[in-house]
Amino acid sequence: MSVALLSAAAVALDALLGEPRRWHPLVAFGGFADRIEQRFNSGGRGWRSHGVTAWIIAVVPLTLLATALSWAPVVGWLVEILALYCALGLRSLGEHVEPVARALRSGDLDEARLRVGYLVSRETAELDETAVARAATESVLENGSDAVFAALFWFAVAGAPGVVLYRLSNTLDAMWGYRNERFERFGWAAAKIDDVLNYIPARLVALTYALLGKTRLALKCWRTQGPTWDSPNAGPVMAAGAGALGVELGGAAVYHGELHQRPPLGEGLSASADSIDRGWQLVQRGVWLWLLILCLGAEFYA
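Numbering of the sequence shown is given in our numbering, commencing with residue 13 and proceeding in unit increments.
Next comes the structure, spelled out in structure tokens:
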């Protein structure tokens, strides 16, 4: 079965079922990763070498297992579909961002703040309507890249092993990749590996956003604003996405009690419930475009 058909089947399964409710493999992996971190970084005393060792223990055996299972006769194709399905977060992303937009439209700012707090790590209790919409729009653009497009990319490149390697690495970056006293050294490897794995997908996503929105403005914002962002991958994605939507993002945000003055992203209207919805639609249309490209590629090489 072709990569295009396997990818389409996994996307369809995600649209039909959403994330597994009772037992999600990534939740179980998170618990496993916590125990590894406690072993190798007790009290925040781990060094970079400990972080590298911990990453190998957490990721490599499961990637090898995915490889073996995907090569199994008869059921290998099912393993491929399930691996991508478990790595995707398309429907879940919509289920998290749409309530924020609805709450803003109904004028329920407290509910909007609560809902956007499920999406972002910044403090949301004091955000006004524009700041809530800005946070949600940024989240849908960035998470669309991390939780959807990058998974599709690595599946197309290396099948189940590729998507498992990517998704586990991305999860470890979310858990360990902080620049604070506890993770500055130990989490270095997780952060750098995730940067490497996301480098090409992020730029393909930025191009996708640009092609499906205000192309010239998106390319301009990508070129001029993307490099100003701390993250080498989130910058291009969110700058191009903001330009594609014609919306202003970035700016001040409070993380863990500290005010961070982030560079501006995009150009045009202030963020609103409408920009959240249009961002979500941009991600959905991007997925259809990627599946179409995979199908055309499969026909070309057939």
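We put the CB at the ideal spot given by N, CA and C, even for glycine. As the structure is a computational prediction, the values presented were derived from the model and not from experiment.
Item                                                                                                                                                                           : Value
Give the DSSP-derived three-state secondary structure of residue 215 in the structure shown.                                                                                   : helix
By the three-class DSSP mapping on this structure, what secondary structure does residue 269 have?                                                                             : coil
I think residue 15 touches residue 100, with their Cβ atoms under 8 angstroms apart; what is that distance to the nearest whole Å?                                             : Their Cβ separation, rounded to whole angstroms, is 15 angstroms, which puts residue 15 and residue 100 out of contact at 8 angstroms.
By the three-class DSSP mapping on this structure, what secondary structure does residue 111 have?                                                                             : helix
State the CB to CB distance for the pair residue 277 and residue 261, rounded to an integer number of angstroms; the pair is presumed to be in contact (CB under 8 angstroms). : 4 angstroms
Could you spell out where the alpha helix (DSSP H) holding residue 148 opens and where it closes?                                                                              : 141–156
Using CA coordinates, which residue listed in 83, 58, 35, 301 is at the minimum distance from residue 173?                                                                     : 83
When the Cα of residue 124 is compared with those of 285, 304, 215, which residue comes out closest?                                                                           : 285
In whole angstroms, what is the alpha-carbon distance linking residue 199 and residue 131?                                                                                     : 22 angstroms
If you follow the alpha helix (DSSP H) that residue 37 is part of, which residue opens it and which one closes it?                                                             : 37–52
Quick one: what does DSSP say residue 259 is sitting in, helix, strand or coil?                                                                                                : strand
Which of the three DSSP states is assigned to residue 248 in this structure?                                                                                                   : helix
Look up residue 131 in the DSSP assignment and say whether it is helix, strand or coil.                                                                                        : coil
Return the CA-CA distance between residue 171 and residue 63, expressed in angstroms with no decimal places.                                                                   : 26 angstroms
Using the Cα positions of residue 304 and residue 166, report the straight-line distance between them to the nearest angstrom.                                                 : 16 angstroms
Following the continuous alpha helix (DSSP H) through residue 195, name the residue where it begins and the one where it ends.                                                 : Element bounds for residue 195: n/a, residue is neither H nor E.
Among 80, 71, 227, 255, which residue has its Cα nearest to the Cα of residue 182?                                                                                             : 71
Using CA atoms only, rank isn't needed, just tell me which of 297, 269, 92 is closest to residue 168.                                                                          : 92
Given a cut-off of 8 angstroms on the beta-carbon distance, is the pair residue 292 and residue 107 in contact?                                                                : no
Indicate whether residue 55 and residue 197 have their beta-carbon atoms separated by less than 8 angstroms.                                                                   : no
Check residue 274 in the structure and name its three-state DSSP category.                                                                                                     : strand
With 16 other CB atoms within 10 Å as the buried threshold, where does residue 316 fall?                                                                                       : Past the boundaries of the shown model lies residue 316; the chain is included only from 13 to 314, so the question cannot be answered.
Leaving out five residues before and five after residue 154 in sequence, what residues of the same chain have Cβ atoms less than 7 angstroms from its Cβ?                      : 246, 249, 250
DSSP three-state label for residue 281, please.                                                                                                                                : strand
Could you tell me if residue 138 is buried or exposed, where buried requires 16 or more neighbouring beta carbons within 10 angstroms of its beta carbon?                      : exposed
Looking only at its chain, what residues have a beta carbon closer than 6 angstroms to the beta carbon of residue 289, apart from the 5 residues adjacent to it on each side?  : 113
For residue 127, count neighbouring C-beta atoms within 10 Å of its own C-beta (all shown protein chains included) and say buried if the count is 16 or more, exposed if not.  : buried
Below 7 angstroms CB to CB, which residues in the same chain sit around residue 178 once its five sequence neighbours on both sides are set aside?                             : 162, 163, 166, 209
From the DSSP output, in three-state form, read off residue 84 for me.                                                                                                         : coil
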